[in-house]
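Line by line, the protein sequences are chains F and Y. Each residue of the first sequence is one higher than the one before, starting from 1 at the first, in UniProt numbering. Each residue of the second sequence is one higher than the one before, starting from 1 at the first, in UniProt numbering. Heads up, the beta-carbon is just placed ideally off N, CA and C, and yes, glycines get one too. What follows is a short report on a single structure.
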Amino acid sequence: MDFGPYLMLASLEGAVTAAVLALTAIGLSLVFGVMRVVNVAHGEFFMLGAVLAWWVASHVGGPPALGFIVALAIAPLAVGGLAALADMTVLKRVNYDPERTIVATIGILYILQQVTLMTYGPEARPVEPPFNTRLALPWFEWGENGFQIYWPWGLSTTSYKLFVIGAAAAVLIGVWILMARTRIGLLMRATQLDREMALAFGIPVERVYATVFGLGGALAALGAVLIVPTQQAHYLMGGDPLLLSFIVVIIGGLGSLPGTVAAAILIGLSDGIISVFFSPMLAKILATMLVALVLVFRPQGLFGSGEK
Amino acid sequence: MLELDKINAGYGRAQILRDLTLRVAPGEILCLLGRNGAGKTTTMKAIMGLLPLMSGAVRLDGKEISALPAHKVAGCGVGYIPQGRRLFGELSVAQNLELGLRAGGCGPEVLEDSLDLFPRLRERMGQRAQTLSGGEQQMLATARALCLKPRVLLLDEPTEGLQPSMIAAIRDVIAVMRDRGVGILLVEQRVDAVLSVADRVAFIENGRNLETLDAEALRRDHSLITRHLGV
Chain F
1 MDFGPYLMLA SLEGAVTAAV LALTAIGLSL VFGVMRVVNV AHGEFFMLGA VLAWWVASHV
61 GGPPALGFIV ALAIAPLAVG GLAALADMTV LKRVNYDPER TIVATIGILY ILQQVTLMTY
121 GPEARPVEPP FNTRLALPWF EWGENGFQIY WPWGLSTTSY KLFVIGAAAA VLIGVWILMA
181 RTRIGLLMRA TQLDREMALA FGIPVERVYA TVFGLGGALA ALGAVLIVPT QQAHYLMGGD
241 PLLLSFIVVI IGGLGSLPGT VAAAILIGLS DGIISVFFSP MLAKILATML VALVLVFRPQ
301 GLFGSGEK
Chain Y
1 MLELDKINAG YGRAQILRDL TLRVAPGEIL CLLGRNGAGK TTTMKAIMGL LPLMSGAVRL
61 DGKEISALPA HKVAGCGVGY IPQGRRLFGE LSVAQNLELG LRAGGCGPEV LEDSLDLFPR
121 LRERMGQRAQ TLSGGEQQML ATARALCLKP RVLLLDEPTE GLQPSMIAAI RDVIAVMRDR
181 GVGILLVEQR VDAVLSVADR VAFIENGRNL ETLDAEALRR DHSLITRHLG V
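This is the structure we're talking about:
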């Protein structure tokens with residue numbers, strides 16, 4: 001097989017990573033943008049989503065698709081509810097003070113992680129994908145007979161991976177509609193722009209905060225439910241998404257949703273491609289280096305508005 | 001009737017207001033005068049519930065609004081036009097006004113009424129608030145507060161940095177609201193502007209009441225102002 005098909009395969013893998021990363025990072029970005037809270041426990045919400053997906057799927061009988069669909073509905077709701085509760089019981093109590101929320105969310109991180117270890121255990125467990133047809137992918141070449149399409153051996157993806165990309169795109173569009181077109185989105189944006197004036201104009205800021213924190217957690221969990229059929233649920237799986245989400249949010253510009261999505265695609269694709277052609281470690285090194293460069297030369301991020 | 005009853009308030013442990021007492025009757029313009037740092041803006045924030053009171057009470061028509069959470073104060077009919085306008089800059093003019101309407105639970109007829117007072121905003125409804133000129137931004141900040149159909153308006157230096165025609169437009173609207181029976185608490189630096197609109201003037205210094213006088217008396221005797229402001 002020549003270079004082209006390989007590149008296509010790597011890009012597809014990267015696109016799956018990018019899709020899940022975009023969901024996870026948009027949650028982190030939303031929380032930071034509206035609440036100015038750096039949520040270090042964000043990766044644990046991701047992990048909880050995956051673990052809950054396994055738990056739900058293994059308790060719901062019937063075909064794998066049924067368990068998966070139930071998990072897709074329940075896990076984000078449960079994690080979102082837990083996140084909202086954490087906001088009301090912990091973050092509100094420390095008055096959303098920037099330093100103290102970091103320490104508080106580190107605490108939440110360890111509580112969630114260790115409780116999962118004590119209940120779910122240290123095993124990595126798979127969730128069966130609802131459908132997983134192998135799809136052969138065509139490639140083309142200019143041969144003696146001119147342009148022709150053929151199916152190279154080994155060049156394939158699965159229907160489930162394509163579904164992940166599509167589902168993530170649909171959810172992102174949903175988040176955009178929520179922020180730009182609905183009333184709750186208007187209240188969130190007003191709170192983000194000026195918290196004090198939001199209060200002075202009757203916006204229940206505390207409830208908006210709980211909603212945003214819950215939404216952030218739910219988005220991370222949703223990303224995890226989507227990815228868990230291709231990976232496995234494990235109590236330590238929250239670290240990588242947390243690191244990558246921070247990388248994406250910083251590169252995209254803190255609090256900028258379009259920037260976050262663009263950076264997720266950039267990082268996800270390059271992660272897929274570099275991992276295939278070189279090594280996964282190099283992909284992480286380059287991503288982290290990109291963050292350093294962005295911080296030095298464009299601290300507001302690629303899409304950040306700068307002043308504020 | 002808005003009443004501040006011996007309120008004490010401040011930022012953290014730095015107390016700014018000390019036993020401050022004020023009354024604003026319906027259809028009256030009370031002007032707050034004092035030097036920089038006397039506590040004029042702090043008074044407004046304390047009324048809005050944005051600063052916790054250490055003691056004392058703020059009452060609106062007998063109801064203790066200082067006992068409510070901050071986001072409920074606007075719904076009681078207190079419209080706040082803060083210093084520096086503080087619009088939701090990335091939102092459109094229409095969205096800024098919608099937030100005002102929502103705060104007061106008001107319908108489209110109140111929006112129409114506010115837009116009749118500031119017809120220029122009508123042409124700018126889809127525009128982002130931060131792209132308006134300074135005068136238009138002040139109009140929007142005022143209209144946003146009018147959209148909640150206030151019984152009391154708090155205006156913090158509404159004419160700061162505006163050209164004379166804009167100042168006149170804002171002042172006309174303030175007079176209209178007074179005639180409709182809205183109580184108005186006005187913070188203003190320029191003494192001539194104060195004297196032309198105020199019914200009563202309250203002098204404050206270091207967060208305490210000095211004296212509250214009828215504007216008529218000040219118009220007759222300017223030396224009173226010099227004495228209280230020390231300028």
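Original post:
Given a threshold of 16 other Cβ atoms within 10 Å of its Cβ, counted over all protein chains shown, does R220 of chain Y qualify as buried or as exposed?
Top reply: In summary, R220 of chain Y is exposed, with fewer than 16 beta-carbon neighbours lying within 10 Å of its beta-carbon over all protein chains present.
Original post:
In the region 202-218 of chain F, which residues sit with their C-beta less than 7 angstroms from some C-beta in chain Y, listed in chain order?
Top reply: Answer in chain order: G202, I203, P204 and V205.
Original post:
Distance, Cα to Cα, F246 of chain F vs L199 of chain F?
Top reply: Linking F246 of chain F to L199 of chain F through their CA atoms gives a straight-line distance of about 29 angstroms.
**OP:** With DSSP as the reference, label M179 of chain F as helix, strand or coil.
**Re:** Residue state, collapsed to three classes: helix.
Original post:
Any beta-carbon of chain Y closer than 8 angstroms to the one on R189 of chain F?
Top reply: For R189 of chain F, the answer is yes, since a Cβ of chain Y falls inside 8 angstroms of its Cβ.
Subject >> Candidates Y:S223, Y:A145, Y:R85 and Y:L210: closest to A100 of chain Y by CA position >> reply: One point to set straight first is that residue 100 of chain Y is Gly, not Ala, in the sequence displayed. Nearest of Y:S223, Y:A145, Y:R85 and Y:L210 to G100 of chain Y, Cα basis: Y:A145.
Subject >> Per DSSP, the bridge partner or partners of D5 of chain Y >> reply: Answer is Y:A57, bridged to D5 of chain Y.
**OP:** Examine chain F for any beta-carbon lying closer than 8 angstroms to the beta-carbon of P108 of chain Y, and answer yes or no.
**Re:** Not an interface residue.
Subject >> Where the beta strand (DSSP E) containing S156 of chain F begins and where it ends >> reply: For S156 of chain F, the enclosing beta strand (DSSP E) begins and ends at S156 to T158.
Original post:
Roughly how far, in whole angstroms, is the beta-carbon of I267 of chain F from the beta-carbon of L21 of chain F, given that I think they are within contact range, below 8 angstroms?
Top reply: Correct: roughly 7 angstroms between the Cβ atoms.
**OP:** Determine the direct distance from the alpha carbon of Q137 of chain Y to that of R227 of chain Y, and round the result to whole angstroms.
**Re:** Near 35 angstroms, if we compare the C-alpha coordinates of Q137 of chain Y and R227 of chain Y.
Original post:
Tell me which same chain residues have a C-beta within less than 6 angstroms of the C-beta of K308 of chain F, skipping the five on either side of it?
Top reply: Any reading at K308 of chain F needs caution, since the residue's pLDDT is 42, under 50, leaving its predicted position unreliable; the model's value is listed next. Within its own chain, no residue has a Cβ closer than 6 angstroms to the Cβ of K308 of chain F once the five positions on either side in sequence are excluded.
Original post:
Out of curiosity, what's the CA-to-CA distance linking A283 of chain F and A292 of chain F?
Top reply: If I take the Cα positions, the gap works out to 14 angstroms.
**OP:** Identify, in the order they occur along the chain, each residue of the same chain with its Cβ nearer than 7 angstroms to the Cβ of F297 of chain F, setting aside the five sequence neighbours on each side.
**Re:** Once the five neighbours on either side are set aside, F297 of chain F has no close Cβ partner at all.
Original post:
In whole angstroms, what separates the C-alpha of C147 of chain Y from that of D194 of chain F?
Top reply: Each residue's alpha carbon lies about 19 angstroms from the other.
Subject >> Range of the contiguous alpha helix (DSSP H) that encloses L68 of chain Y >> reply: Per DSSP, L68 of chain Y is not a residue of any alpha helix (DSSP H), being assigned neither H nor E.
Subject >> 8 angstroms Cβ cutoff, A200 of chain F in contact with chain Y >> reply: A200 of chain F counts as touching chain Y.
Original post:
Any beta-carbon of chain Y closer than 8 angstroms to the one on K308 of chain F?
Top reply: Reliability fails at K308 of chain F, whose pLDDT of 42 lies under 50, so the model's placement of it is uncertain and no value is given.
Original post:
With 8 angstroms set as the bound, which would you pick, yes or no: does the beta-carbon of D2 of chain F sit closer than that to a beta-carbon of chain Y?
Top reply: Look at D2 of chain F: its C-beta is not under 8 angstroms from any C-beta on chain Y.
**OP:** Would you mind sorting W153 of chain F into buried or exposed? The rule is 16 or more other CB atoms within 10 Å of its CB.
**Re:** Per the 10 Å Cβ criterion, exposed.
**OP:** Output, in sequence order along the chain, the residues in the region 68-100 of chain F whose CB is closer than 7 angstroms to any CB in chain Y.
**Re:** The region 68-100 of chain F vs chain Y, Cβ under 7 angstroms: nothing.
**OP:** Consult DSSP for Y6 of chain F and reduce its assignment to one of helix, strand or coil.
**Re:** Residue state, collapsed to three classes: helix.
Subject >> Own chain, CB closer than 7 angstroms to F303 of chain F, minus 5 neighbours either side, in chain order >> reply: The answer, listed in chain order, is G252, G253, S256, P258, G259 and A262.
Subject >> 8 angstroms contact criterion, which A136 of chain F and S156 of chain F should meet: CB distance rounded >> reply: Separation of the CB atoms of A136 of chain F and S156 of chain F is rounded to 5 angstroms, and the pair is thereby assigned contact status at 8 angstroms.
Original post:
What are the residues of the region 89-105 of chain Y that lie near chain F, defined by any Cβ-Cβ distance shorter than 9 angstroms?
Top reply: Those would be G89, E90, L91, Q95, N96, E98, L99, G100, R102, A103, G104 and G105, in chain order.
Subject >> Any chain Y beta carbon closer than 8 angstroms to M197 of chain F >> reply: Put simply, the CB of M197 of chain F is near chain Y, with a gap under 8 angstroms to one of its CB atoms.
Original post:
Can you list, in chain order, the stretches of the beta strand (DSSP E) that have 3 or more residues and sit fully within the region 76-147 of chain Y?
Top reply: If we require 3 residues or more, the beta strand (DSSP E) runs fully inside the region 76-147 of chain Y come out as 78-81.
**OP:** Could you tell me whether the Cβ of L193 of chain F comes closer than 8 angstroms to any Cβ of chain Y?
**Re:** Interface residue, yes.
Original post:
Between which two residues does the beta strand (DSSP E) harbouring R200 of chain Y extend?
Top reply: The continuous beta strand (DSSP E) containing R200 of chain Y extends over residues R200 to E205.
Original post:
Touching or not, the region 219-238 of chain F and the region 1-11 of chain F, by the rule of three or more beta carbon pairs under 8 angstroms?
Top reply: No: fewer than three Cβ pairs fall under 8 angstroms.
**OP:** Using beta-carbon positions only, say whether P229 of chain F and V127 of chain F come within less than 8 angstroms of one another.
**Re:** Their beta carbons are under 8 angstroms apart, which means P229 of chain F touches V127 of chain F by this criterion.
**OP:** Thinking T101 of chain F and L91 of chain F are a contact (beta carbons under 8 angstroms), I'd like their distance in whole angstroms, please.
**Re:** Contact holds; Cβ gap of about 6 angstroms.
**OP:** Output, in sequence order along the chain, the residues in the region 53-73 of chain Y whose CB is closer than 9 angstroms to any CB in chain F.
**Re:** Listed by position, the residues of the region 53-73 of chain Y near chain F (Cβ gap below 9 angstroms) are P69, A70, H71, K72 and V73.
Original post:
On the three-state DSSP scale, how would you describe L178 of chain Y?
Top reply: Note on residue identity: the sequence assigns Arg, not Leu, to residue 178 of chain Y. R178 of chain Y falls in the helix class under three-state DSSP.
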